[in-house]
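Below: the structure, in C-alpha cells.
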Amino acid sequence: MEGDSVKLIGFWGSPAVLRVKWALAVKRIECQYVEEDLSNKSDMLLKYNPVYKKVPVLVHQGKPLAESLLILEYIDETWKQKPLLPHSPYERAQARFWSKFLDDKGKRFFGGDNIGFVDIAIGWLPYWIGIAEEVVAINLFDAESMPKLNLWFHAFIDIPIIKELMPPRHKLLHHTKTFLQA
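Start counting the sequence shown at 4; every next residue gets the next number (this note's numbering).
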C-alpha cells in the first residue's frame, strides 16, 4: 500500500496514538501523520471521527477508523506481515483480553518472544506512569515489587522502533504539568 493511502490523525502525547504508530512501524507501513491541535479540533478530525471527536483516527483509502485497539486489529488484518495477533482464535481472544488488563504471562513479551498486540496496546503505560510519578512526586511503579513488569517494560522500550517513536520525556513532562495546572 502506498503511504499516501494511509493517514494517521494524532496528537504527539497520546498513548493511544503511540500504539498505532508502533503497530504501523512494526509492520513497516508508511503513513502520512497529521498532528492534531486538541484545543482547536480540525475539520478533518471532526469529519473522520464525528462521534468521539478524539484521536487517533486511521484513514485508509479514504475510510476512517477510530479507537486505538480497533485500529490495531485492522492494521493486523489488513497487512499480514509481522502479525501482531497470534494465529489461533483462542490465543487471539487471550491477547485481546490481556490488552485490556495488565497482566504478565512471564515471557519476554506478552505474546512470547516477539513484540505483539498486547505489548503495543499497553506499552505506553510504564512510560506515562513515570511522568505522572515525577509530576505528583509519588512512586506508583516499584520495580522491586513488580519485577516481571519491570523486565517487560525495559525489553519493550529497548526495541529500536519503539524507542525511536517514544515522545521526548522532557516535552511530555512539560505537557503534563501544563495540563494539570489548567
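For glycine and all other residues, C-beta sits at the position ideal for the given N, C-alpha and C.
Note that the structure is a prediction, hence the values are computed from the model and not measured.
Can LEU49 and LYS56 be called in contact, C-beta distance under 8 Å? Here the question's residue 49 lines up with position 46 in the sequence shown. Here the question's residue 56 lines up with position 53 in the sequence shown. Cβ atoms of LEU49 and LYS56: closer than 8 Å.
Is it true that the CB of LEU11 sits closer than 8 Å to the CB of PRO67? Mapped onto the sequence shown, residue 67 falls at position 64. Mapped onto the sequence shown, residue 11 falls at position 8. Not a contact, by the Cβ cut-off of 8 Å.
Short CB-CB distance (under 8 Å) between ALA19 and chain D: Given the protein chain composition of this structure (a single chain), no chain D is represented.
Excluding the 5 residues flanking VAL29 on each side, which residues of the same chain have their C-beta closer than 8 Å to its C-beta? Locating residue 29 in the sequence shown gives position 26, where the first residue counts as 1. In chain order, LYS85, LEU87, ILE118, ILE123, ILE164 place their CB closer than 8 Å to the CB of VAL29, counting only its own chain and leaving out the 5 sequence neighbours on each side.
Does DSSP put GLY3 in a helix, a strand or coil? For the chain, the structure presents residues 4 to 185; residue 3 sits outside this window and is missing.
Quick one: Cα of ASP106 to Cα of GLU137, how far? For the purposes of this step, residue 106 is identified with residue 103 of the sequence shown, where counting begins at 1. For the purposes of this step, residue 137 is identified with residue 134 of the sequence shown, where counting begins at 1. Residue confidence for ASP106 is low, a pLDDT of 38 falling below 50, so the modelled location carries little weight; the figure read from the coordinates is stated next. Cα-Cα distance, rounded: 24 Å.
What distance in whole Å lies between the Cβ atoms of TYR51 and VAL62, which are believed to be in contact at a cut-off of 8 Å? Numbered from its first residue, the sequence shown carries residue 62 at position 59. Numbered from its first residue, the sequence shown carries residue 51 at position 48. For VAL62 against TYR51, the beta-carbon gap comes to about 6 Å, under 8 Å, which counts as contact.
Tell me where the beta strand (DSSP E) around PRO67 begins and ends. Within the sequence shown, the letter at position 64 stands for residue 67. Where PRO67 is concerned, the enclosing beta strand (DSSP E) stretches over 66-69.
Where the alpha helix (DSSP H) through LEU21 begins and ends: As a first step, residue 21 is located in the sequence shown; it is residue number 18 there, counting from the start. That run of the alpha helix (DSSP H) goes 18-29.
Specify the secondary structure class of HIS173 as computed by DSSP and reduced to three states. What you label residue 173 is simply residue 170 of the sequence shown in a count that begins at 1. Three-state DSSP puts HIS173 in a helix.
At what residues does the alpha helix (DSSP H) containing HIS157 begin and finish? Taking the first residue of the sequence shown as position 1, residue 157 is located at position 154. It spans 150-160 - the alpha helix (DSSP H) in which HIS157 sits, taken as one unbroken run.
Do you know how far the Cα of THR81 is from the Cα of ILE141? As a first step, residue 141 is located in the sequence shown; it is residue number 138 there, counting from the start. As a first step, residue 81 is located in the sequence shown; it is residue number 78 there, counting from the start. Approximately 42 Å, taken between the alpha carbons.
When the Cα atoms are used, what is the spatial distance from VAL20 to LEU168? For this step, residue 20 is matched to residue 17 along the sequence shown. For this step, residue 168 is matched to residue 165 along the sequence shown. Rounded to whole angstroms, the gap between the alpha carbons of VAL20 and LEU168 is 11 Å.
Would you kindly work out how many angstroms separate the C-alpha atoms of SER45 and GLU39, rounded to a whole number? As a working note, residue 45 is residue 42 in the sequence shown. As a working note, residue 39 is residue 36 in the sequence shown. Those two C-alpha atoms are separated by around 7 Å.
Closest to ASP79 by CA distance: which of ARG22, LEU128, LYS180 is it? Along the sequence shown, read from residue 1 onward, the residue named residue 79 stands at position 76. Among ARG22, LEU128, LYS180, the Cα nearest to that of ASP79 belongs to ARG22.
Hey, LEU175 and ILE134 are a contact pair by Cβ (cut 8 Å); roughly how many whole angstroms apart? Here residue 175 corresponds to residue number 172 of the sequence shown, with the count starting at 1. Here residue 134 corresponds to residue number 131 of the sequence shown, with the count starting at 1. Contact holds; Cβ gap of about 5 Å.
Tell me whether PRO171 is buried or exposed, calling it buried when 16 or more other Cβ atoms sit within 10 Å of its Cβ. Residue mapping note: residue 171 aligns to position 168 of the sequence shown, counting from 1. It counts as exposed.
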